[in-house]
Every structure is written in structure tokens, then in C-alpha cells.
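Every letter in the sequence shown is one number past the one before it in this note's numbering, and letter 241, counting from 1, is 242.
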Amino acid sequence: MGPFPHYLTFKNVLISMCLLWVVAVFLNANWWLYTLILGLGLVISYFGTTQISSNFHMKAHCSAPQLGKKEIALTFDDGVRHPKQSQQVLDILQQYKVKATFFCIGKNLEQAAQIDVLKRMHAEGHLIGNHSYSHSNFYDFFSSKRIREETLQTDQIVQQHIGKTPRFFRPPYGITTPNIAKAFDKLEHHTIGWSLRSLDTVMTNHHQLLERVQSKLKSGDIVLLHDHLPLMTTFLPLFLEYILKEGFTIVGVDQLLGLRAYA
Numbered sequence: 002m003g004p005f006p007h008y009l010t011f012k013n014v015l016i017s018m019c020l021l022w023v024v025a026v027f028l029n030a031n032w033w034l035y036t037l038i039l040g041l042g043l044v045i046s047y048f049g050t051t052q053i054s055s056n057f058h059m060k061a062h063c064s065a066p067q068l069g070k071k072e073i074a075l076t077f078d079d080g081v082r083h084p085k086q087s088q089q090v091l092d093i094l095q096q097y098k099v100k101a102t103f104f105c106i107g108k109n110l111e112q113a114a115q116i117d118v119l120k121r122m123h124a125e126g127h128l129i130g131n132h133s134y135s136h137s138n139f140y141d142f143f144s145s146k147r148i149r150e151e152t153l154q155t156d157q158i159v160q161q162h163i164g165k166t167p168r169f170f171r172p173p174y175g176i177t178t179p180n181i182a183k184a185f186d187k188l189e190h191h192t193i194g195w196s197l198r199s200l201d202t203v204m205t206n207h208h209q210l211l212e213r214v215q216s217k218l219k220s221g222d223i224v225l226l227h228d229h230l231p232l233m234t235t236f237l238p239l240f241l242e243y244i245l246k247e248g249f250t251i252v253g254v255d256q257l258l259g260l261r262a263y264a
């Protein structure tokens, strides 16, 4: 799903629902009209909240218009959840001389082995993004204050170890809410989504996964992958071979979007 029309935002939908509700009351409408108004608002809000590319709650950069360039960016979520697995992914990227962006969870950057992987990522030219501190299942229900505190906490951890403060942020699960939007009104981060979701967290056959991404890949894509999955060590070399054979150039998210990755 791409962006909603620019006028279809959470604020505008809420205002429209209220106005329609007032009109329904004024007309002494039947119960089904109230149900229709409520249902329509909930459906729009659900898709706007769960589809980061909708820009429903906040602006998210999910792809880049490509004027004759076959450029894409690879991104990995949940960076350094399993250091050994992340090291293997880095080995593959190094073999193919490819740079990626790793969105790291703050709590995954507190042990020596995890910190070593983070430093290697940076040393080898990969970008580090912020993926919250906790990646909690309840992150979407956090207050804006807590979301802001988690973001700054992860920024500080990354800065401590690589000397740079991330400005790329990806919300857990790619879900946005009014509180997340409010938190980032007071921060200087760029929210980064994706245009090609690999579904590597639900597909267990690397051949089927490869077929999926091959059929959907296009210029300007930001591809979502996960570096902690065992599947990645067999899938990634095949995917990189395909990308290079098709003439795509893999660039950093900063180069693809023309944005600064660090403060």
C-alpha cells in the first residue's frame, strides 16, 4: 500500500467523523448511519496505523523516485539480536561489497559481543538506525514521553560506541500512532519505512522468499529484511546475485533519499 491522498490524515479523518456524527444527530438518523460512520473511520484508521507508507499519522520515507537510476537500499531490522547471526550477514555483505542500513534495538547493544558487532557494522561502512530501545509488544501504547525517552536512550548508546548519533528511525512493526507522531514532533529524526517487505519472518523456504522479492523489486525500493534469521545466510547471497545480475546498484538509505544519517 502506498501513501494515502495527502488530505487523508488522522486529524482530518477525526474531524470528518465528528462533523458527520453531528449531521447524523441533527437529521435524527437511524442507528445504521452511526455504525457506518464509525466503521468507516475505524477501517481507515486501522490501515493508516498499520501501513507505514500511508503517512496517516506522520511522514515516513519509504522509497525514492528514480529518474533512470536502478538504485535500491537494503535495510535490516532488529540489528544485533543474535550477534553470531549478524556476523554471518556482515560476512556476506562484505563478500559482495554491499552496504546496508541496520535498525538496531537499544537493549540489544549492551553486551560485549553485541557492541563488537555494532562497531563492525560502522567500521565497514554500514549505516546504523534507531529501532527503539525495547521493541516492546506494547510500544504502540506507550506515551509520547516514553517513546521520546526510548529514542534518545538508543541514540545515546549508539553514539557512545560509534561516535555518531542516528537520525534514521524505524518504529517497531512499522506501526505509527498519534503518540509516536507527537514524540517525533520534538525530535530531529527521519522516519524510514519500506516499499518492499520481504516477509522473511514468516517464510521459511529461501527459494520461495527469493521468488517473492524478485517479482516485486523495482528501482527506488527500500527493502526490509531481518539479520537475526537463520534463513538469511542462505537467502542473502542468492538475492545479492540476482540484484547485481539485474543491474541494480545497492546504496545507503542516506544516498537513496538524500538525507543525513547522523546528527
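Don't be surprised by glycine CBs; every beta carbon is placed ideally from N, CA and C.
Where F27 and Y35 are concerned, what is the direct C-alpha to C-alpha distance, given to the nearest angstrom? 12 Å
Given D117, which residues of its chain have a CB within under 8 Å of its CB, disregarding the five upstream and five downstream residues? Closer than 8 Å at Cβ, skipping near neighbours: P84.
Report buried or exposed for A124, applying the criterion of at least 16 other Cβ atoms within 10 angstroms of its Cβ. Its Cβ having fewer than 16 others within 10 Å, A124 is exposed.
Roughly how many angstroms lie between the CA atoms of K183 and K246, to the nearest whole one? 43 Å
C-beta atoms of D255 and A262 nearer than 8 Å: yes
Measure the C-alpha to C-alpha separation of G107 and T178 and round it to an integer number of angstroms. 21 Å
Entirely enclosed alpha helix (DSSP H) segments - the stretch 73-153, minimum 4 residues: 84-96 and 113-124
In this structure, what does DSSP give as the bridge partners for S64? D222.
Whose CA, out of W33, G40, S46 and V24, lies closest to the CA of Q13? Sequence inspection shows Asn at residue 13; the Gln mentioned does not correspond to that position. Ranking the options by Cα distance to N13, first place goes to S46.
Can you tell which of T234, E189 and I193 has the C-alpha that lies nearest to the C-alpha of L211? T234
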